[in-house]
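According to my numbering, the sequence shown is numbered sequentially starting from 996.
I have placed the structure first, in the form of C-alpha coordinates, so that the comments after it can refer back to it.
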Amino acid sequence: MSYEPIFALFWERVKQSIEDKTFAKLTLAKTIGDTEIKNIYVRPVLDENNVIKMSVIARYKTEEVESFHSLDDTYPILASYMNKPFLSALLFTTENDVVFKLNKKRAGSITEQAPTFLNASDVILEMKARGM
996 MSYEPIFALF
1006 WERVKQSIED
1016 KTFAKLTLAK
1026 TIGDTEIKNI
1036 YVRPVLDENN
1046 VIKMSVIARY
1056 KTEEVESFHS
1066 LDDTYPILAS
1076 YMNKPFLSAL
1086 LFTTENDVVF
1096 KLNKKRAGSI
1106 TEQAPTFLNA
1116 SDVILEMKAR
1126 GM
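Next up, the structure:
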(Lines of atoms letter the chains of each structure in order from A and count residues from 1; the text may use other names and numbers.)
(Lines give C-alpha, C1' and ligand atoms only; values in the text may rest on other atoms or scores of the structure.)
Protein backbone atom coordinates (compact mmCIF):
# COMPACT_ATOMS: atom_id res chain seq x y z
CA MET A 1 0.00 0.00 0.00
CA SER A 2 1.20 3.46 -0.86
CA TYR A 3 1.92 6.01 1.87
CA GLU A 4 0.31 8.91 -0.08
CA PRO A 5 -3.25 8.45 1.29
CA ILE A 6 -1.88 8.48 4.85
CA PHE A 7 0.15 11.61 4.12
CA ALA A 8 -3.01 13.22 2.70
CA LEU A 9 -4.76 12.46 6.03
CA PHE A 10 -1.80 14.01 7.84
CA TRP A 11 -2.13 17.12 5.66
CA GLU A 12 -5.82 17.37 6.61
CA ARG A 13 -4.67 17.52 10.24
CA VAL A 14 -2.30 20.37 9.30
CA LYS A 15 -5.12 22.33 7.65
CA GLN A 16 -7.45 21.64 10.58
CA SER A 17 -4.86 22.89 13.08
CA ILE A 18 -4.57 26.18 11.17
CA GLU A 19 -8.35 26.51 11.02
CA ASP A 20 -8.63 25.68 14.74
CA LYS A 21 -5.78 28.14 15.50
CA THR A 22 -3.70 25.47 17.27
CA PHE A 23 -0.85 25.21 14.72
CA ALA A 24 2.61 25.79 16.21
CA LYS A 25 5.11 24.35 13.71
CA LEU A 26 5.60 21.76 10.96
CA THR A 27 8.91 20.03 10.25
CA LEU A 28 10.08 17.42 7.76
CA ALA A 29 13.00 15.49 9.19
CA LYS A 30 14.86 12.18 9.32
CA THR A 31 16.49 11.91 5.92
CA ILE A 32 17.62 8.78 4.15
CA GLY A 33 21.41 8.78 4.13
CA ASP A 34 23.66 11.83 3.92
CA THR A 35 21.72 14.38 1.88
CA GLU A 36 22.31 18.01 0.95
CA ILE A 37 18.93 18.96 2.40
CA LYS A 38 18.68 18.55 6.17
CA ASN A 39 15.22 19.80 7.19
CA ILE A 40 12.18 21.63 5.93
CA TYR A 41 10.33 23.97 8.27
CA VAL A 42 6.85 25.29 7.55
CA ARG A 43 5.11 28.12 9.36
CA PRO A 44 2.23 30.45 8.54
CA VAL A 45 2.78 34.09 7.63
CA LEU A 46 0.39 36.87 6.69
CA ASP A 47 0.99 38.64 3.40
CA GLU A 48 0.41 42.36 2.79
CA ASN A 49 -3.33 41.69 2.30
CA ASN A 50 -3.59 39.71 5.57
CA VAL A 51 -3.96 36.47 3.63
CA ILE A 52 -2.34 33.46 5.24
CA LYS A 53 0.58 31.98 3.31
CA MET A 54 2.95 29.23 4.27
CA SER A 55 6.64 29.97 4.62
CA VAL A 56 8.61 26.89 3.52
CA ILE A 57 12.23 27.00 4.66
CA ALA A 58 14.48 24.34 3.19
CA ARG A 59 17.66 24.00 5.25
CA TYR A 60 20.61 22.62 3.32
CA LYS A 61 24.15 21.92 4.52
CA THR A 62 25.36 25.35 3.38
CA GLU A 63 22.26 27.55 3.04
CA GLU A 64 18.58 28.10 3.74
CA VAL A 65 16.04 28.80 1.02
CA GLU A 66 12.67 30.32 1.92
CA SER A 67 9.62 30.34 -0.35
CA PHE A 68 5.99 31.35 0.20
CA HIS A 69 2.95 29.42 -0.97
CA SER A 70 -0.78 29.11 -0.42
CA LEU A 71 -1.82 26.34 1.95
CA ASP A 72 -3.08 24.22 -0.96
CA ASP A 73 0.11 24.75 -2.99
CA THR A 74 2.27 23.73 -0.03
CA TYR A 75 0.92 20.18 0.06
CA PRO A 76 2.39 18.93 -3.26
CA ILE A 77 5.71 20.60 -2.44
CA LEU A 78 6.01 18.76 0.86
CA ALA A 79 4.62 15.51 -0.58
CA SER A 80 7.39 15.55 -3.20
CA TYR A 81 10.00 15.40 -0.41
CA MET A 82 8.42 12.49 1.45
CA ASN A 83 10.30 9.22 0.94
CA LYS A 84 12.96 11.10 -1.07
CA PRO A 85 14.68 12.03 1.21
CA PHE A 86 12.45 12.53 4.30
CA LEU A 87 10.91 9.74 6.36
CA SER A 88 8.92 11.80 8.85
CA ALA A 89 6.80 14.91 9.17
CA LEU A 90 6.02 16.39 12.57
CA LEU A 91 3.05 18.67 13.16
CA PHE A 92 3.25 20.52 16.45
CA THR A 93 -0.03 21.92 17.76
CA THR A 94 -1.14 23.19 21.13
CA GLU A 95 -3.38 20.12 21.49
CA ASN A 96 -0.93 17.36 20.48
CA ASP A 97 2.03 16.49 18.30
CA VAL A 98 1.05 14.55 15.20
CA VAL A 99 3.81 12.45 13.63
CA PHE A 100 3.72 10.99 10.12
CA LYS A 101 6.38 8.29 9.63
CA LEU A 102 7.45 5.98 6.86
CA ASN A 103 8.75 2.59 7.95
CA LYS A 104 11.37 0.45 6.15
CA LYS A 105 8.70 -0.89 3.80
CA ARG A 106 7.63 2.73 3.13
CA ALA A 107 4.23 2.25 4.72
CA GLY A 108 2.94 5.44 6.33
CA SER A 109 1.53 5.80 9.82
CA ILE A 110 0.25 8.63 11.98
CA THR A 111 0.76 8.76 15.73
CA GLU A 112 -0.05 11.36 18.36
CA GLN A 113 1.87 12.47 21.41
CA ALA A 114 1.46 15.04 24.13
CA PRO A 115 2.02 18.59 22.87
CA THR A 116 5.54 19.99 22.81
CA PHE A 117 4.36 23.59 22.45
CA LEU A 118 1.91 25.32 24.76
CA ASN A 119 1.34 28.28 22.42
CA ALA A 120 0.40 28.45 18.77
CA SER A 121 2.71 30.19 16.28
CA ASP A 122 2.94 33.99 16.47
CA VAL A 123 0.90 34.43 13.28
CA ILE A 124 -1.86 32.14 14.59
CA LEU A 125 -1.92 34.13 17.85
CA GLU A 126 -2.11 37.37 15.86
CA MET A 127 -5.00 35.96 13.81
CA LYS A 128 -6.83 35.00 17.02
CA ALA A 129 -6.32 38.50 18.43
CA ARG A 130 -7.70 40.06 15.24
CA GLY A 131 -10.66 37.68 15.16
CA MET A 132 -9.60 36.31 11.77
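Positions of the beta carbon are idealized from the N, C-alpha and C atoms, including for glycine.
In this text the structure is predicted, and so the values were computed from the model without any measurement.
Residue i, buried or exposed, once every other Cβ within 10 Å from all chains shown has been counted against 16
i, result
"Ile-1027", "exposed"
"Lys-1057", "Here residue 1057 turns out to be Thr, not Lys, going by the sequence shown. It is exposed - the Cβ of Thr-1057 has fewer than 16 other Cβ atoms within 10 Å."
"Phe-1063", "exposed"
"Ser-1116", "buried"
"Tyr-1055", "exposed"
"Ser-997", "exposed"
"Ser-1012", "buried"
"Leu-1086", "buried"
"Leu-1113", "exposed"
Run of the beta strand (DSSP E) containing residue i, from where it starts to where it stops
i, result
"Leu-1021", "1018 to 1026"
"Leu-1086", "1081 to 1088"
Supposed close pair residue i, residue j - CB separation, criterion 8 Å
i, j, result
"Ile-1001", "Gly-1103", "3 Å"
"Lys-1096", "Ser-1075", "Actually they do not touch by this definition, with Cβ atoms about 18 Å apart."
Start-to-end residues for the alpha helix (DSSP H) that takes in residue i
i, result
"Asp-1092", "That residue, Asp-1092, is in no alpha helix (DSSP H); its beta strand (DSSP E) goes 1092 to 1097."
"Glu-999", "999 to 1014"
"Arg-1125", "1117 to 1125"
Cβ neighbours of residue i in the same chain (closer than 8 Å, five flanking residues each side left out)
i, result
"Val-1118", "Arg-1038, Pro-1039, Val-1040, Leu-1041, Ile-1047"
Neighbourhood of residue i by C-beta, 6 Å cutoff - its chain only, sequence neighbours within 5 removed
i, result
"Pro-1080", "Thr-1026, Ile-1027, Thr-1030"
- Message: For the stretch 1064 to 1072 against the stretch 1083 to 1095, do three or more pairs of beta-carbon atoms, one drawn from each stretch, fall closer than 8 Å, so that the two count as touching?
- Response: no
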